[in-house]
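Residue numbers for the sequence shown follow my numbering, beginning at 118 and rising by one.
In this text, a Cβ means the ideal position worked out from N, Cα and C, and glycines have one as well.
The structure presented is a predicted model; accordingly, all values stated were derived computationally and were not measured.
Reviewing the structure listed below.
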Amino acid sequence: MLVSSKGRYALRLMIYIAAFGEREGRIALRTVSEREGISLKYLEQLVRPLLQAGLLTSVRGKGGGYELARPASEMTAGEILRAAEGDTSAVACEGIEGGCGRSDLCSTVRFWTGLEAAIDDYVEGVTLADLSRVPEIKLEVDREA
118 MLVSSKGRYA LRLMIYIAAF GEREGRIALR TVSEREGISL KYLEQLVRPL
168 LQAGLLTSVR GKGGGYELAR PASEMTAGEI LRAAEGDTSA VACEGIEGGC
218 GRSDLCSTVR FWTGLEAAID DYVEGVTLAD LSRVPEIKLE VDREA
């Protein structure tokens, strides 16, 4: 899975909304832009596919903003990355999908297929809730120092 800035920033946006949405309510993109240092115009482009994928909902007007469409514990990093990136293949190999006439002769197809499976397993095993937790142990270590 080759992740571009689109996927990285979409993940940061979703983590921010998951981490602060319950406490602050709906989150304005301007707030995310200021706190995360991501261009507002870029965030506006990123929310479209996240809305279409059913990961976010939006409300316009005063008190409006964005919120998670379902609990963070039910969303995976893989869902978010696929929504933002579209194709998430690590390598352009038609043999992975069985569309290559050489796949039965190619010695690397099994390797690429295994790599894809390992990456998919990992990103599907990490929830948005996992990513949005503030590590309390770090705070304790800082206090002791």
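Residue(s) in a DSSP beta bridge with residue i
| i | result |
| --- | --- |
| T174 | E184 |
| I144 | Y183 |
| T244 | T193 |
Rounded separation between residue i and residue j - CA only
| i | j | result |
| --- | --- | --- |
| R140 | A207 | 37 Å |
| T155 | C223 | In the sequence as presented, Thr is not what sits at residue 155; that position holds Ile. So the alpha carbons of these two residues sit roughly 42 Å apart. |
| L167 | G195 | 12 Å |
| S122 | L232 | 21 Å |
| R199 | L172 | 11 Å |
| R177 | R129 | 22 Å |
Coil, strand or helix - residue i by DSSP
| i | result |
| --- | --- |
| I197 | helix |
| I236 | helix |
Residue i burial status per 10 Å Cβ neighbour count (16 or more: buried)
| i | result |
| --- | --- |
| T225 | exposed |
| Y183 | buried |
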